[in-house]
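Residue numbers (the numbering used here): 1043 to 1307. Just so it is clear, CB atoms sit at the ideal spot from N, CA and C, and this is done for glycine as well. Here's the structure, in C-alpha cells; my notes come after.
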C-alpha cells in the first residue's frame, strides 16, 4: 500500500531484456513503493515469480546464478540446443527457489499470463504450480516446447498480451506500474534482403509485440520504458548491461512516480 492505494506491477516479456526489470524493481523498493501484486508475461513472468517468492534478494540471487552460467560465456550459446539449454537452466533455478510452493504460498499475490493454443486467448494463471505457469508463459513459439497444464496446452503469453496491465487491475490494484522492456530497432534494408525465413518469423513476432505493448501501455498509471533498442531478446551474454540500463532509467524517473503516487486522490 502507498497512501492507502494497492499498488500493482505489470512486467512485459522480452527474453534477455527481462534483466532490466530487476534494476527497475530495486529502485521502486528503494523509494518506498512496495507492490502488493505482480503479473508478468514470458521473461516478465519469470522475474515476477522470483520477486513474489522472495523479494529483491531472491531476484539478485537468481540473476547472479543465471548471468554467471557457463552457458553464456560464448556467443555461440544459441547454436546447437542453446534455447533448450537456457530453458532447462531457468526451470531448474525456479524449481530450486520455489521448492514446490503453490501460488498461495508466495509472499506476494502473483499471476502469469500465457496463451491457450486451442482457444487462441490469453489466460491469467494464478492457481496450481507457479513454475509450470511461468514456463508456459515463456514458451517462445518455434523455439520452446508447448506446456500442458491440466487438459490445456499453452505457449508464450506475449502472443496475445505483452504487458499485462489490465490483468494487474483485475488482481485488485488501484495503481498500476508498468515495466515495458520490449523494443525493436530499425534495421538496414540490405540486412532485410539477407534475412532467412526464421529471421523473418522472429522479426514478425518482434513487430507484433511492439504494437501490443503500445496498446497495453495505456492501461498503466505509470510506465517505465528504458531505451534498450541496442540489445536483442537473445543477448544473454549481456544480462548485466541490460540490468544496469533498467536501473539507470528507474533512477532518472523514480521521483516522478513517487510524486504521482503522493498526489493521487
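Notebook entry, point to check: Can you find at least 3 beta carbon pairs, one from the stretch 1194 to 1209 and one from the stretch 1155 to 1175, that sit closer than 8 Å?
Noted result: yes
Next item on the list: Can you grab the Cα-Cα spacing for the pair residue 1059 / residue 1090, in whole Å?
Entry: 14 Å
Note to self: Looking at the secondary structure, which residues open and close the beta strand (DSSP E) in which residue 1165 lies?
What the structure shows: 1164 to 1167
Checklist line | CB-CB length for residue 1261 against residue 1207, believed under 8 Å | finding: 4 Å
Next item on the list: Could you tell me how far apart the beta carbons of residue 1284 and residue 1270 are, in whole angstroms, since I believe they sit closer than 8 Å?
Entry: 6 Å
Item checked: Spatial distance of residue 1212 from residue 1304 (CA atoms) -> 23 Å
Notebook entry, point to check: From this set, 1055, 1057, 1066, 1079, which residue's C-alpha is nearest residue 1214's C-alpha?
Noted result: 1079
Item checked: In chain order, each alpha helix (DSSP H) run of at least 4 residues that lies wholly inside the stretch 1128 to 1182 -> 1172 to 1179
Next item on the list: Name the residue from 1111, 1176, 1142 whose alpha carbon lies nearest to the alpha carbon of residue 1083.
Entry: 1176
Notebook entry, point to check: Is the beta carbon of residue 1201 sitting closer than 7 Å to the one on residue 1210?
Noted result: no
Check: Where do the N-terminal and C-terminal ends of the alpha helix (DSSP H) with residue 1221 fall, by residue?
Finding: Residue 1221 -> not in any alpha helix (DSSP H); beta strand (DSSP E) instead, spanning 1217 to 1221.
Margin query: Please tell me whether residue 1135 and residue 1104 are closer than 7 Å, where the distance is taken between their beta carbons.
Written below: yes
Next item on the list: Please name the residue, chosen from 1223, 1274, 1280, that lies closest to residue 1292 on a Cα-to-Cα basis.
Entry: 1223
Check: Is the CB-CB distance between residue 1265 and residue 1220 below 7 Å?
Finding: yes
Margin query: Going by DSSP, what residue range makes up the alpha helix (DSSP H) through residue 1210?
Written below: 1207 to 1212
Next item on the list: Answer with buried or exposed for residue 1294, where buried requires no fewer than 16 other C-beta atoms within 10 angstroms of its C-beta.
Entry: exposed
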